[in-house]
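Visitor: With full-length UniProt numbering applied, the sequence shown corresponds to residues 1 to 136, in that order. Glycine included, each C-beta is placed from N, C-alpha and C at the ideal position.
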Amino acid sequence: NRVLSHTAHQHRAVKEAELNPGRFTFMLNGVQIMPMEAWTNVAIFWQELLNALESYVSTGRGQGEFSEETATFSLAKRGTIAVFELRGQRYPVEPDSFLKAVLGAAREFFTWVEEYIGGIDKTCLVRIETLMDGLK
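1. Alpha carbon to alpha carbon, how far is Y91 from F66? Give it in angstroms, no decimals.
2. Please report the distance separating the alpha-carbon of S97 from that of Q47.
3. What are the start and end residues of the beta strand (DSSP E) that includes T72?
4. Along the beta strand (DSSP E) that carries D85, what are the first and last residues, could you check?
5. Count the other CB atoms, across all protein chains shown, that sit within 10 Å of the CB of L49; report buried if there are 16 or more and exposed otherwise.
6. On a CA-only basis, which of T130, Q32, A76, T72 is nearest A106? Give me that one, please.
7. How is E94 classed by DSSP in three states: helix, strand or coil?
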């Protein structure tokens with residue numbers, strides 16, 4: 001489990017119990033905006049999120065859907081900030097630290113899957129590293 005936390009000055013991924021690997025809760029400025037139990041298909045979510053982040057980096061806007069539900073998310077550049085939108089609610093975020101935190105959590109998920117389950121498409125890890133390298 002992961003808690004992806006975004007505060008005004010810091011993003012972090014904090015390890016919790018190992019009950020639902022790859023799942024996490026989104027917290028922005030200390031407020032939970034997406035609970036852990038909202039994820040219905042974790043692998044689909046991470047793929048959607050990775051696709052959205054690549055689109056954001058190349059075009060300034062990325063979007064996707066959470067798991068198998070109809071909740072959508074997007075990330076759009078607005079001047080020096082980005083706006084993360086989830087279920088119609090908008091949250092301003094600092095782009096680089098937000099991307100680093102999300103990509104770090106994605107890296108941990110895909111690394112965990114490869115280590116304990118195997119058979120993942122390793123291009124996911126390459127895509128994550130490529131995006132991370134662009135943020136340095």
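Guide: With the structure as the only source:
1. 17 Å
2. 20 Å
3. 72-78
4. Before going on, a small fix: residue 85 reads as Glu here, not Asp. Here the beta strand (DSSP E) through E85 covers 81-86.
5. buried
6. T130
7. coil
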